[in-house]
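44 is the number of the first residue of the sequence shown in the working numbering; add one for each residue after it. Notes to accompany the following structure.
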Amino acid sequence: MNLKGKSFLKLLDFTPDEINYLIDLAAKLKAEKKSDIKHKLCDGKNIALIFEKTSTRTRCSFEVAAYDLGMNVTYLDPTGSQMGKKESIADTARVLGGIYDAIEYRGFGQETVEALGKYAGVPVYNGLTDEFHPTQILADFLTIKEQFGYLKGINFVYMGDARFNMGNSLMVGCAKMGLNFTACAPEKYFPDKALVAECEAIAKETGATLKFETDPKKAVENADVIYTDVWVSMGESTDVWKERIDELLPYQVNDTLMSNAKDTTVFMHCLPAFHNLETTVGKEVGGKFGLDALEVTDSVFESEKSIVFKEAENRMHTIKAVIAATLSDI
Ligand code: CP
Ligand code: NVA
């Protein structure tokens with residue numbers, strides 16, 4: 044497997060073997076880190092981290108992964124560069140590509156990270172766009188593999204708005220890796236038809252299945268994993284909260300929903316999650332609509348079925364695998 048020099052912009056660009064290789068490499072790097080075995084595979088290399096939206100997990104994972112690999116990091120916050128405001132994406136890409144060995148980008152349209160990838164001349168990594176969040180899926184799949192021992196044949200149910208980055212990327216990931224994907228929401232929240240068609244063609248090759256279900260009880264009956272994400276994503280207007288709550292509350296992951304699944308079913312979430320009112324947004328929205336939780340209740344989030352913090356830790360190990368595979372001779 045040779046991924047050296049390649050960008051990581053979306054899972055559609057990678058074969059199942061390549062995705063599997065990255066997950067296994069992450070597991071190896073994780074085991075090494077736990078045994079205090081150093082792996083400075085990219086010693087002295089430099090990476091620029093561009094964040095046009097805020098982040099905890101992705102930024103920290105890129106930084107720690109880079110440090111563990113022996114790299115130096117520059118973080119550019121949402122206001123910290125000329126990109127897009129005074130300098131085009133293509134120009135920024137060529138400037139940073141001349142200075143850095145790799146670039147990470149979190150922002151809005153997928154076309155921006157694709158343009159960076161086209162012009163930078165060095166590997167570019169997608170740290171989340173409106174359309175895709177591919178490094179998150181590597182972490183999710185490593186976590187599922189750790190939990191169940193395999194990926195192919197896992198019944199994976201995504202509850203909530205499946206049209207945005209998480210629903211799209213999980214559908215692509217499941218199709219590529221042979222999981223049985225169900226999106227459960229009112230129909231208007233199902234992923235874009237063209238992407239569904241693309242994933243159906245992939246699923247035919249891998250043995251995955253794709254289902255779109257409006258009845259939550261039916262959707263989770265045989266689920267191994269129940270996954271959800273926030274109902275309003277970064278960059279969306281806060282005006283849509285009312286509509287989202289009205290339409291998605293029946294799809295909240297709560298004890299009743301979990302009890303319709305199996306004893307072995309786990310709960311996953313990319314995080315951050317509105318499972319209580321202990322955040323500014325949670326307090327404001329929950330208070331306004333008389334709810335004590337949004338997409339997932341506190342009882343599910345804090346239950347033994349919830350593997351969200353293992354999943355969050357795996358962000359770092361999987362991002363490290365992407366950097367090591369694309370920058371070093373590993
Ligand atoms: N899951 C995730 O991407 O989290 P951050 O927004 O904190 O990076
Ligand atoms: N859909 C969420 C994912 C956060 C990791 C967002 O884009 O805000």
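Every residue gets a Cβ at the ideal spot worked out from N, C-alpha and C, and that includes glycine.
Item checked: Same chain, Cβ closer than 7 Å to K83, five either side skipped, listed in chain order -> L112 and G113
**Study point:** Contact under 9 Å by Cβ, I132 with I90
**Key:** no
Quiz prompt | Cβ contact check for the segment 307-323 and the segment 217-237: 3 or more pairs under 8 Å | solution = no
Check your understanding: For I90, does the three-state DSSP call read helix, strand or coil?
Key -> strand
Rounded straight-line distance, which links the Cα of V296 to that of E264 = 13 Å
List the endpoints of the continuous alpha helix (DSSP H) containing R287. W284 to L291
Just to confirm the assignment: which complete alpha helix (DSSP H) runs, minimum length 4, are found wholly within the segment 237-290?
259-263
### Task
Could you give the DSSP three-state label for I146: helix, strand or coil?
strand
Residue from A316, T186 and Y110 with nearest C-alpha to D335: A316
Query raised in the report: How about A355: is its Cβ closer than 8 Å to a heavy atom in the ligand CP?
Result: yes
Practice task
Could you give the DSSP three-state label for C227: helix, strand or coil?
Solution key: strand
Three or more C-beta pairs closer than 8 Å, one from the segment 349-358 and one from the segment 186-193: is that the case here? yes
Relative to the ligand CP, is the shortest distance from any of its heavy atoms to the C-beta of R102 smaller than 8 Å? yes
message: Assuming A364 and L68 are in contact, meaning their beta carbons sit under 8 Å apart, how far apart are those beta carbons, in whole angstroms?
response: 4 Å
- Query: Quick one: Cα of D235 to Cα of K260, how far?
  - Reply: 24 Å
Counting only the same chain and skipping the five closest in sequence on each side, list residues whose C-beta sits under 6 Å from that of L291. G203 and W274
Review point. Taking the alpha-carbon positions, what's the A244 to T172 distance?
Key: 24 Å
inquiry  = If we require 4 or more residues per run, which alpha helix (DSSP H) segments fall completely within the segment 168-230?
reply    = 177-191 and 208-220
Find the nearest neighbour of E157 within the set T135, D144 and Y143, judged by alpha-carbon distance.
T135
Q.
Tell me which residue opens and which closes the beta strand (DSSP E) that H318 is part of.
A. Element bounds for H318: n/a, residue is neither H nor E.
*Evaluate the contact criterion for the segment 197-213 versus the segment 114-133: three or more CB pairs, one atom per stretch, below 8 Å.*
no
Within 8 Å: the Cβ of T97 and any heavy atom of the ligand CP?
-> yes
Subject >> Rounded distance between the beta-carbons of L253 and A304, thought under 8 Å >> reply: Contact doesn't hold; Cβ gap of about 19 Å is too wide.
- Would the C-beta of P315 count as close to the ligand CP, meaning under 8 Å from any of its heavy atoms? yes
Under 9 Å between the Cβ atoms of S276 and N208? yes
Using only alpha-carbon positions, find the residue among R206, T308, D306 and D60 that is nearest to E279. R206
| task | Using the DSSP secondary-structure output, state which residues sit across from M311 in a beta bridge. | result | Y270
Among all the DSSP beta bridges, which residues are the ones paired with V339? V296
If distances are taken between C-alpha atoms only, which option among Y201, T308 and K77 comes closest to E347?
T308
For the beta strand (DSSP E) containing L119, list its first residue and its last residue.
N115 to L119
Endpoints, the alpha helix (DSSP H) within which N357 is located:
V351 to L370
Note to self: Just checking Q153 against the ligand NVA - is the residue's beta carbon closer than 8 Å to any of the ligand's heavy atoms?
What the structure shows: no
Practice problem: Return the chain-ordered list of same chain residues with a C-beta closer than 7 Å to the C-beta of L314, the five sequence neighbours on each side being excluded. | Solution: R100, V351 and A355
Starting from the Cα of G325, find the closest Cα among E106, S349, T361 and T281 and give me that residue. T281
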